[in-house]
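> In our numbering, the protein residues as written are 27 to 462. Where is the CB? At the ideal position from N, CA and C, for every residue including glycine. Remember, predicted model here, so these are calculated numbers, not experimental data. What follows is a structure written as structure tokens; I'll ask about it next.
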Ligand SMILES: [Zn+2]
């Protein structure tokens, strides 16, 4: 099938194609992944029950807990010799997310990212600069490979300072910037503070991923930079950063339906919801060879429309993610769970679960994490300089584990007690702007 025409299939053609793709995915998962065979048997469903794509609702869900529980190889559907790359990602759960890719998986992922770039107006003459936190390294790699596939010049997300990134952007005349909405605003705030005129930049497009792009923030980018903006949506567990992307109409994100089958369910009852209703996005991968995912619950709350877009594409469109229905925090595109922080604290103190408060500060549009940990002299018996050293070391360990920098502050239990949920932890948002 011609990949360029794939987004213009009729709804009947989509249904027919999805039926074929779903049947082969379910067959492969059932016969090669013991986890799926067991889950499907528990649900009383077999591959023979999938007569059409509508039968997808008979299949059991896959969750992030399932991926964590089956680390490292439990969800692989091909032998290791067929896998050419494994990504082990930080996750909000006990184990990393390990995703294998066959040579075909890699090629398809790169083709999809390149298609997303083409639709975003990016071409071989562009200079593409990617500015993302280390916690989004896999998205960064997919984007780099997709842009290189088009022949563009790529400046990957190297670990340099914000100011160095800005210098590179100006000196190399970056034409396409890929970042999160909050980090993008942070970059340009710093740029203005350094008295560097935004007009000196050569940006024609800013692609915003990892966080929801609001109309207000979009307008700020387009007005201040006199450039085009595009939003995209993706998850690490499947299909990468271009699972859904905007066309020039910017009225929702076209889902790459040749790679995934999307559904919207009620997050409480897990029942499918009609078109247009707000609920949790669930996706089934249909091209992934190494790690097929059946009915993966993303935790993201959105709506889907099946109406043909003004651009002519028939692929369904998801609206920007409104919120999450699980306890994962998304900070600068990186997902963090309370359980992950709790475990890090336990490992550092050796004292079992301790109460903590996560405070999200906004500094020049960028969310900063501060973790207030209830530590008393029974847990830490060292001197004050030793405590300072312990805090600095903890901050390094937490940054490595979470993927973004965070500040740690030991506090007395009584000072955070009123904020805690069930006496254990809480998340609080404080917005303030402090001087540079
Ligand atoms: Zn469109």
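In this structure, how does DSSP classify residue 161 when only helix, strand and coil are distinguished?
Taking the chain shown and counting its residues from 1, the one referred to as residue 161 is at position 135. Helix, per DSSP.
> Based on the DSSP output, what are the partners of residue 125 in its beta bridges?
If you number the chain shown from 1, residue 125 lands on position 99. According to DSSP, which records beta bridges pairwise, residue 125 is partnered with 113.
> Do you know offhand how far residue 337's Cα is from residue 60's?
Position 311 of the chain shown, counted from the first residue, corresponds to residue 337. Position 34 of the chain shown, counted from the first residue, corresponds to residue 60. Going from the Cα of residue 337 to the Cα of residue 60 covers about 43 Å.
> Under a three-way DSSP split, which group does residue 196 fall into?
Indexing the chain shown from 1 puts residue 196 at position 170. Residue state, collapsed to three classes: helix.
> Beta strand (DSSP E) containing residue 342: first to last residue?
On the chain shown, residue 342 is found 316 positions in, with the first residue counted as 1. Counting along the chain, residue 342 falls outside any beta strand (DSSP E), and DSSP gives it neither H nor E.
> Between residue 329 and ligand 1, is the CB less than 8 Å from at least one heavy atom?
Numbered from 1 along the chain shown, position 303 holds the residue referred to as residue 329. No, the Cβ of residue 329 stays beyond 8 Å of every heavy atom of ligand 1.
> At a cut-off of 8 Å, would you count residue 255 as near ligand 1, judging by its Cβ distance to the nearest heavy atom?
The count along the chain shown starts at 1 and reaches residue 255 at position 229. No, the Cβ of residue 255 stays beyond 8 Å of every heavy atom of ligand 1.
> Between the C-alpha atoms of residue 273 and residue 146, what's the straight-line distance to the nearest angstrom?
On the chain shown, position 247 is the one that residue 273 refers to. On the chain shown, position 120 is the one that residue 146 refers to. Using only the alpha carbons, I get a separation of about 7 Å.
> Assuming residue 347 and residue 259 form a contact by the criterion Cβ under 8 Å, report the distance between their Cβ atoms to the nearest whole angstrom.
As a working note, residue 347 is residue 321 in the chain shown. As a working note, residue 259 is residue 233 in the chain shown. With 8 Å as the limit, residue 347 and residue 259 qualify as a contact, their Cβ atoms being about 7 Å apart.
> With distance defined between alpha-carbon atoms, name the residue in 311, 92, 370 nearest to residue 426.
As a working mapping, residue 426 is identified with position 400 in the chain shown. It is 370 whose Cα lies nearest to the Cα of residue 426.
> In whole angstroms, what separates the C-alpha of residue 123 from that of residue 181?
Sequence index remark: in the chain shown, residue 123 carries index 97 (1-based). Sequence index remark: in the chain shown, residue 181 carries index 155 (1-based). Their backbone Cα atoms lie some 26 Å apart in a straight line.
> Does the beta-carbon of residue 338, which I'm using as the reference point, lie nearer than 8 Å to any heavy atom of ligand 1?
By 1-based counting over the chain shown, the position of residue 338 is 312. It does: the Cβ of residue 338 is within 8 Å (strictly closer) of some heavy atom of ligand 1.
> Hey, out of 74, 67, 78, 73, whose CA is closest to residue 43's CA?
For the purposes of this step, residue 43 is identified with residue 17 of the chain shown, where counting begins at 1. Checking every option, the nearest Cα to that of residue 43 belongs to 78.
> Does any heavy atom of ligand 1 sit closer than 8 Å to the C-beta of residue 285?
Position 259 of the chain shown, counted from the start, is the residue given in the question as residue 285. Answer for residue 285: no, Cβ out of range of ligand 1.
> Just to confirm, does residue 335 get its C-beta within under 8 Å of one of the non-hydrogen atoms of ligand 1?
By 1-based counting over the chain shown, the position of residue 335 is 309. The answer is yes for residue 335.
> Determine, using beta-carbon pairs with one atom in the stretch 238–250 and one in the stretch 410–428, whether at least three such pairs fall under 8 Å.
Cβ pair count under 8 Å is below three, so no.
> How many angstroms separate the CA atom of residue 276 from the CA atom of residue 250?
Residue numbering aside, residue 276 sits at position 250 when the chain shown is read from its first letter. Residue numbering aside, residue 250 sits at position 224 when the chain shown is read from its first letter. Rounded to the nearest angstrom, the two C-alpha atoms are 19 Å apart.
> If you check the beta carbons only, do residue 305 and residue 329 fall under 9 Å apart?
Taking the first residue of the chain shown as position 1, residue 305 is located at position 279. Taking the first residue of the chain shown as position 1, residue 329 is located at position 303. The answer is yes: Cβ separation under 9 Å.
> Compare the C-alpha of residue 232 against each of 299, 157, 223, 303 and name the closest.
Start at 1 with the first residue of the chain shown, and residue 232 comes out as number 206. Cα-wise, what sits closest to residue 232 is 157.
> Tell me the residue span of the beta strand (DSSP E) that contains residue 34.
Against the chain shown, residue 34 aligns to sequence position 8. Careful: residue 34 lies outside any beta strand (DSSP E) and carries neither H nor E.
> Just the C-alpha distance for residue 179 and residue 197, rounded to the nearest angstrom, thanks.
Walking along the chain shown from the start, residue 179 turns up at place 153. Walking along the chain shown from the start, residue 197 turns up at place 171. When rounded, the distance between both Cα atoms is 14 Å.
> Quick one: is residue 419 buried, meaning 16 or more other Cβ sit within 10 Å of its Cβ, or exposed?
Position 393 of the chain shown, counted from the first residue, corresponds to residue 419. That one is exposed.
> Whole alpha helix (DSSP H) runs in the stretch 304–390 with 4 or more residues, listed along the chain?
364–375, all fully within the stretch 304–390.
> Identify which residue in 360, 261, 376, 368 has its Cα closest to the Cα of residue 322.
Numbered from its first residue, the chain shown carries residue 322 at position 296. When each option's Cα is compared against that of residue 322, the closest is 261.
> Roughly how many angstroms lie between the CA atoms of residue 35 and residue 284, to the nearest whole one?
For the purposes of this step, residue 35 is identified with residue 9 of the chain shown, where counting begins at 1. For the purposes of this step, residue 284 is identified with residue 258 of the chain shown, where counting begins at 1. If you take the alpha carbons of residue 35 and residue 284, they lie about 10 Å apart.
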